[in-house]
Each structure stands twice: as C-alpha cells, then as structure tokens.
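What follows is a single structure, written as structure tokens, with notes after it.
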Amino acid sequence: MRFLASGVTSTVIDMGTLYVLHGVLRLPLALSTLCGVLAGFTVNFLLNRIWAFGSSSPVGKQTVRYMLLASANWISTVLLVGGLVKLGLFYLLARAIPLVVLSLVNYFGYKYWVFRDK
C-alpha cells in the first residue's frame with residue numbers, strides 16, 4: 002500500500018507542478034513538464050526509499066539503480082504502447098496495460114534491487 006501511495010503522491014506532484022508552472026504561471030510547456038517530471042521522480046524516489054521500503058543503504062548506488070529502472074520503464078512503455086495501438090487497442094487502454102504491468106515490475110525491482118539493504 003505504501004508503494005501505491007508513493008506512486009499516487011508522486012503523480013500528483015508531477016501533474017500539480019506542471020499545472021502551476023504552465024497553466025497558472027504560463028511558463029513554457031517543455032520547461033514546466035521537465036520540472037514536473039523531476040519533482041515527481043524526486044518525491045517518488047524519496048518516498049519509496051524512506052517510507053515504502055525503509056532503506057538505509059547509501060543513496061548514490063540506489064539513485065543510479067533507480068534511474069536505470071526508470072529508463073527501462075520509459076523505453077518499455079513507449080514500445081508497448083506503440084505496439085498495442087498498432088494491434089488495434091485504444092491508446093488510453095494501450096497506456097494502461099504497461100502501467101499496471103510495469104508497476105508490478107517496479108515493486109519487485111525496488112524491493113529486491115534498488116532499495117535492498119545489504
């Protein structure tokens with residue numbers, strides 16, 4: 002449950018930052034999006050490290066592992082969504098399927114690789 006709560010919280014931070022920076026302050030979309038993603042990633046990393054998985058291992062190695070897993074997720078998501086749409090699925094459903102599957106992968110990746118204490 003803490004893993005899911007961390008994900009929801011980081012998504013709200015990401016989208017909220019985007020809304021405030023672009024929708025309210027009228028900053029450029031690309032800059033606002035980047036700031037939102039960075040804020041969401043930072044919150045997600047910290048909540049999962051401290052709260053969801055209670056890790057006390059050195060943060061540097063975990064950050065590298067987190068970014069590697071995130072990169073694999075981005076690539077997988079783009080490929081899966083594109084492939085599922087080509088197979089005829091509605092794009093939002095095609096996005097939802099990798100989201101669910103990769104959330105499961107992320108849980109185990111975080112627990113046993115990224116935030117594992119030795």
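Going by the working numbering, the first residue of the sequence shown is number 2, and it counts up by one from there. The beta-carbon is built from N, C-alpha and C at its ideal position, and this holds for glycine as well.
Q | 4-residue-minimum alpha helix (DSSP H) runs that sit fully inside the segment 26 to 95, ordered along the chain | A | 30 to 47, 60 to 87
Q: Quick one: give me the first and last residue of the alpha helix (DSSP H) that Met16 is part of.
A: 3 to 19
(Q) What does the alpha-carbon distance come out to for the pair Leu100 and Val82? (A) Cα to Cα, the separation comes out at about 10 Å.
Q: Report the residue from Ala73, Gly8, Gln63, Ser104 whose alpha carbon sits nearest the alpha carbon of Gly41.
A: Gly8
**Q.** Beta carbon of Tyr108 nearer than 7 Å to that of Phe4
**A.** yes
Q | For Val65 and Ala73, the rounded distance between their alpha carbons | A | Separation of Ala73 and Val65 (C-alpha to C-alpha, rounded to the nearest whole angstrom) is 12 Å.
Q: Sort Ser77, Ser57, Ile51 by Cα distance to Ala6 and report the nearest one.
A: For the residues Ser77, Ser57, Ile51, the minimum Cα distance to Ala6 belongs to Ile51.
Q.
If I measure Cβ to Cβ from Val25 and keep anything under 6 Å in the same chain, skipping five residues before and after, which residues do I get?
A. Cβ within range, chain order: n/a, list empty.
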